[in-house]
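**Q** Numbered according to this note's numbering, the sequence shown spans residues 38 to 424.
Note that CB positions come from ideal geometry on N, CA and C, so glycine has one too.
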Amino acid sequence: MGTCDRTQQKFCGSFWKGRRFMSNSKAPLEKRVERLRHAMEQSGCDCVLLMVLEGLGWQNCYYFSGFRGSSAAVFITKDETLLVTDERYRLQASAQSPFDIVMQGNRPLYMTVKEMIEERDPGRVGLDGDRLPVSMYRKIAAGWDLEDFSSVFASLRRKKDSFEKANILEAARISRKALDKVINEMPKPVREIDISAALEYSMKTMGADGGWQDHEFVVASGQRSALPHGRAGWREIASGEWATVDFGARFSGYVCDVTRNLLFGEIKGEWLKKQEVLLEAQEAAAAAIGPGVRAADIDAVARNVIERYGFGENFTHGLGHGIGLEIHEAPHLSPRSEDVLQEGDVITLEPGIYFDGEGGMRVEDDYLVTAEGSECLTALIPKALTM
38 MGTCDRTQQK
48 FCGSFWKGRR
58 FMSNSKAPLE
68 KRVERLRHAM
78 EQSGCDCVLL
88 MVLEGLGWQN
98 CYYFSGFRGS
108 SAAVFITKDE
118 TLLVTDERYR
128 LQASAQSPFD
138 IVMQGNRPLY
148 MTVKEMIEER
158 DPGRVGLDGD
168 RLPVSMYRKI
178 AAGWDLEDFS
188 SVFASLRRKK
198 DSFEKANILE
208 AARISRKALD
218 KVINEMPKPV
228 REIDISAALE
238 YSMKTMGADG
248 GWQDHEFVVA
258 SGQRSALPHG
268 RAGWREIASG
278 EWATVDFGAR
288 FSGYVCDVTR
298 NLLFGEIKGE
308 WLKKQEVLLE
318 AQEAAAAAIG
328 PGVRAADIDA
338 VARNVIERYG
348 FGENFTHGLG
358 HGIGLEIHEA
368 PHLSPRSEDV
378 LQEGDVITLE
388 PGIYFDGEGG
398 MRVEDDYLVT
408 AEGSECLTAL
418 IPKALTM
């Protein structure tokens, strides 16, 4: 195993200047690692292994090490934090992560990490069971007591620090600018796919990583707006219709998640009233947010408003979910959720109503749970939008 010489750091930093990545300041990353070590101690786990395979599982690697590549491993013991990767990422790893870097050499990643485990001979090893393929699990499993740490990683990532909040706010700012550009500059007639592609392109050129990347934007018009996750098609949007647009930028790894109903001219008054119902439901739910509040109770607040107007059967999904490095993460807001809100959670509130053969609408914003209640991180994106 080789190591990456830290004397390269000055060159690496210059090489990656202008790229938007997590700060490689050691203090915030070490704080996250120490929280993980505390969880390891409580569970009797001697080390944790996080692997990124063809991009799968990059979020936890990035969260604890600062490195965002498609092939890597993070190895954490009570007194070591090591990042393992290959020669393709030598410069990038040195620029992004402050921790010691081990080069895997001319052999598969799993062989290097397996050797590292063997050298330390731990009793119990924590893994990301949600993302580690069964084939890889079998290659490294022999001889150790393995524990699925997926729920631990999810729990630690729930509480967003100031860096994470700033990135989500920047993602929201870029999303607003991209949406403004679509509304003000896109020539008509407009197809659903035109809106989706223009948003993605604008976000990228405005400094974002891009859109969500692991999910496609929802752009659904006419009867298709009754599809909560309707992918953009080639349908041309006519005057008097609307397009439900569920979108958001990813900035320095972090996403925002927003839904707006983009009106094309004047639409029927009954649908404007339906949108007002959704806004009322969202506002009521936002007022109920706070640490210690059951996620199911927040869902119930919004659902009760919608039911009062006679649309309860048309609200066919949960109220929201957490966001961060993933577009869907803990906590989850639904009638069946057992989650309890914590200070530092960033959640969506996205009430929607859908009518088969007619259409549907949804509004969605992102909220940070604070000690006093909540802060809307996407408030800068207008609710009333007309092409």
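Under the rule that 16 or more other beta-carbon atoms within 10 Å means buried, what is residue 366, buried or exposed?
**A** Here residue 366 corresponds to residue number 329 of the sequence shown, with the count starting at 1. Buried, by the Cβ-count rule.
**Q** Please name the residue in 405, 301, 164 whose C-alpha comes closest to that of residue 225.
**A** The residue given as residue 225 occupies position 188 in the sequence shown. With distances taken between Cα atoms, residue 225 lies closest to 301.
**Q** Taking the Cβ atom as the reference point for each residue, do residue 180 and residue 155 lie within a distance shorter than 9 Å?
**A** For the purposes of this step, residue 180 is taken as residue 143 along the sequence shown, with counting starting at 1. For the purposes of this step, residue 155 is taken as residue 118 along the sequence shown, with counting starting at 1. Taking 9 Å as the Cβ cut-off, residue 180 and residue 155 qualify as a contacting pair.
**Q** Please name the residue, chosen from 238, 135, 96, 152, that lies closest to residue 169 on a Cα-to-Cα basis.
**A** Reading the sequence shown from its first residue, position 132 is the one you call residue 169. The option with the nearest alpha carbon to residue 169 is 96.
**Q** Identify, in the order they occur along the chain, each residue of the same chain with its Cβ nearer than 7 Å to the Cβ of residue 299, setting aside the five sequence neighbours on each side.
**A** Here residue 299 corresponds to residue number 262 of the sequence shown, with the count starting at 1. So the list reads 279, 280, 282, 422, 424, once near-sequence residues are dropped.
**Q** Enumerated in chain order, which unbroken segments of the alpha helix (DSSP H) with a length of 4 residues or greater are wholly contained in the segment 297 to 380?
**A** Counting whole runs of 4 or more residues, the segment 297 to 380 contains the alpha helix (DSSP H) stretches 306 to 324, 332 to 345.
**Q** Within the segment 172 to 213, note down every full beta strand (DSSP E) run reaching 3 residues or more, in order along the chain.
**A** Listed in chain order, they are 182 to 185.
**Q** Given this structure, state the Cα-to-Cα distance separating residue 336 from residue 307, to the nearest angstrom.
**A** As a position in the sequence shown, residue 336 is number 299, starting the count at 1. As a position in the sequence shown, residue 307 is number 270, starting the count at 1. Going by the C-alpha atoms only, they are around 24 Å apart.
**Q** Whole-angstrom Cβ separation of residue 324 and residue 339, contact assumed at under 8 Å?
**A** Walking along the sequence shown from the start, residue 324 turns up at place 287. Walking along the sequence shown from the start, residue 339 turns up at place 302. Not quite, the Cβ-Cβ distance comes to about 11 Å (not below 8 Å), so this is no contact.
**Q** Where does residue 60 fall in DSSP's three states?
**A** Counting from one through the sequence shown, the residue named residue 60 turns up at place 23. Only weak support exists for where residue 60 lies, its pLDDT of 49 falling under 50; the coordinates are left without a value.
**Q** Between the Cα of residue 173 and those of 191, 98, 148, spot the shortest distance and give me the residue it belongs to.
**A** Within the sequence shown, numbered from 1, the residue matching residue 173 stands at position 136. With distances taken between Cα atoms, residue 173 lies closest to 148.
**Q** Looking only at its own chain, which residues have a Cβ that is under 7 Å from the Cβ of residue 100, when we skip the five neighbours before and after it?
**A** Position 63 of the sequence shown, counting from 1, holds the residue named residue 100. Answer for residue 100: 69, 194, 362, listed in chain order.
**Q** Taking the alpha-carbon positions, what's the residue 291 to residue 273 distance?
**A** Indexing the sequence shown from 1 puts residue 291 at position 254. Indexing the sequence shown from 1 puts residue 273 at position 236. The alpha-carbon atoms of residue 291 and residue 273 are separated by roughly 32 Å.
**Q** Tell me the DSSP secondary structure of residue 83 in three-state form.
**A** On the sequence shown, residue 83 is found 46 positions in, with the first residue counted as 1. Residue 83 falls in the coil class under three-state DSSP.
**Q** Look up residue 50 in the DSSP assignment and say whether it is helix, strand or coil.
**A** Position 13 of the sequence shown holds residue 50. Residue confidence for residue 50 is low, a pLDDT of 46 falling below 50, so the modelled location carries little weight; the figure read from the coordinates is stated next. In this structure, residue 50 counts as helix in the three-state DSSP scheme.
**Q** Is it buried or exposed for residue 310, if we count other Cβ within 10 angstroms and need 16 for buried?
**A** Locating residue 310 in the sequence shown gives position 273, where the first residue counts as 1. When all chains shown are included, residue 310 counts as exposed.
**Q** So residue 404 is in the beta strand (DSSP E); what residue range does that whole segment cover?
**A** The residue you call residue 404 lines up with position 367 of the sequence shown. Looking at the DSSP string, the run of the beta strand (DSSP E) that includes residue 404 is 402 to 406.
**Q** Return helix, strand or coil for residue 392, following the three-state DSSP convention.
**A** Here residue 392 refers to the residue found at position 355 when the sequence shown is read from its first residue. Residue 392: strand per DSSP, three-state reduction.
**Q** In chain order, what residues of the same chain lie with their CB nearer than 6 Å to the CB of residue 413, ignoring the 5 residues before and after it?
**A** One-based indexing of the sequence shown puts residue 413 at position 376. Excluding sequence neighbours, residue 413 sits near 402, 404.
**Q** Figure out for me which residue from 198, 64, 390 has the closest Cα to the Cα of residue 348.
**A** On the sequence shown, position 311 is the one that residue 348 refers to. Taking only the C-alpha atoms, the option nearest residue 348 is 390.
**Q** Would you report the Cα separation of residue 58 and residue 86, rounded to the nearest angstrom?
**A** Mapped onto the sequence shown, residue 58 falls at position 21. Mapped onto the sequence shown, residue 86 falls at position 49. Note that residue 58 has pLDDT 48, beneath the 50 cutoff, so the model's placement of it is unreliable and no number is given.
**Q** Quick one: grab the DSSP three-state call for residue 421.
**A** Numbered from 1 along the sequence shown, position 384 holds the residue referred to as residue 421. It is coil, neither helix nor strand.
**Q** Would you report the Cα separation of residue 164 and residue 189, rounded to the nearest angstrom?
**A** Looking up residue 164 in the sequence shown gives position 127. Looking up residue 189 in the sequence shown gives position 152. C-alpha separation (whole angstroms): 10 Å.
**Q** Considering just the uninterrupted stretch of the alpha helix (DSSP H) at residue 157, what are its terminal residues?
**A** Counting from one through the sequence shown, the residue named residue 157 turns up at place 120. Element bounds for residue 157: 146 to 157.
**Q** Flag this pair as yes or no: are the beta carbons of residue 333 and residue 372 separated by less than 9 Å?
**A** For the purposes of this step, residue 333 is taken as residue 296 along the sequence shown, with counting starting at 1. For the purposes of this step, residue 372 is taken as residue 335 along the sequence shown, with counting starting at 1. Yes, the pair counts as a contact, with Cβ atoms nearer than the cut-off.
**Q** With a cut-off of 8 Å, do at least 3 Cβ pairs link the segment 349 to 357 to the segment 75 to 89?
**A** These segments do not touch.
**Q** At the level of alpha carbons, what is the spacing between residue 275 and residue 141?
**A** Looking up residue 275 in the sequence shown gives position 238. Looking up residue 141 in the sequence shown gives position 104. So the alpha carbons of these two residues sit roughly 56 Å apart.
**Q** Is it buried or exposed, residue 285, if we count other Cβ atoms within 10 angstroms and call 16 or more buried?
**A** As a working mapping, residue 285 is identified with position 248 in the sequence shown. Looking at its Cβ environment, which holds 16 or more other Cβ atoms inside 10 Å, residue 285 is buried.
**Q** Please name the residue or residues paired with residue 283 in a DSSP beta bridge.
**A** Taking the first residue of the sequence shown as position 1, residue 283 is located at position 246. Bridge partners of residue 283: 255, 296.
**Q** If you draw a straight line from the C-alpha of residue 114 to the C-alpha of residue 261, how long is it?
**A** If you number the sequence shown from 1, residue 114 lands on position 77. If you number the sequence shown from 1, residue 261 lands on position 224. Using only the alpha carbons, I get a separation of about 51 Å.
**Q** Ignore the nearest five residues each way along the sequence and tell me which others in residue 130's own chain have a CB closer than 8 Å to its CB.
**A** For the purposes of this step, residue 130 is taken as residue 93 along the sequence shown, with counting starting at 1. Contacts found: 41, 104, 106, 109, 120, 122, 138.
**Q** Could you check where the beta strand (DSSP E) with residue 412 kicks off and where it finishes?
**A** Looking up residue 412 in the sequence shown gives position 375. Note, residue 412: beta strand (DSSP E), 411 to 413.
**Q** Count the other C-beta atoms from every protein chain shown that fall within 10 angstroms of the C-beta of residue 416, then say buried if there are 16 or more, exposed otherwise.
**A** Mapped onto the sequence shown, residue 416 falls at position 379. Classification of residue 416: exposed, given that the 10 Å Cβ count is below 16.
**Q** Under a Cβ-count criterion, where at least 16 other Cβ atoms within 10 Å of its own Cβ denotes burial, should residue 199 be classed as buried or exposed?
**A** Within the sequence shown, the letter at position 162 stands for residue 199. Residue 199 comes out exposed.
**Q** Have a look at residue 397 and residue 327 and give me their C-alpha separation to the nearest angstrom.
**A** Along the sequence shown, one-based indexing puts residue 397 at 360. Along the sequence shown, one-based indexing puts residue 327 at 290. Straight-line Cα distance between these residues: approximately 29 Å.
**Q** List the endpoints of the continuous alpha helix (DSSP H) containing residue 161.
**A** In the sequence shown, residue 161 corresponds to position 124, counting from 1. Residue 161 -> not in any alpha helix (DSSP H); beta strand (DSSP E) instead, spanning 161 to 164.
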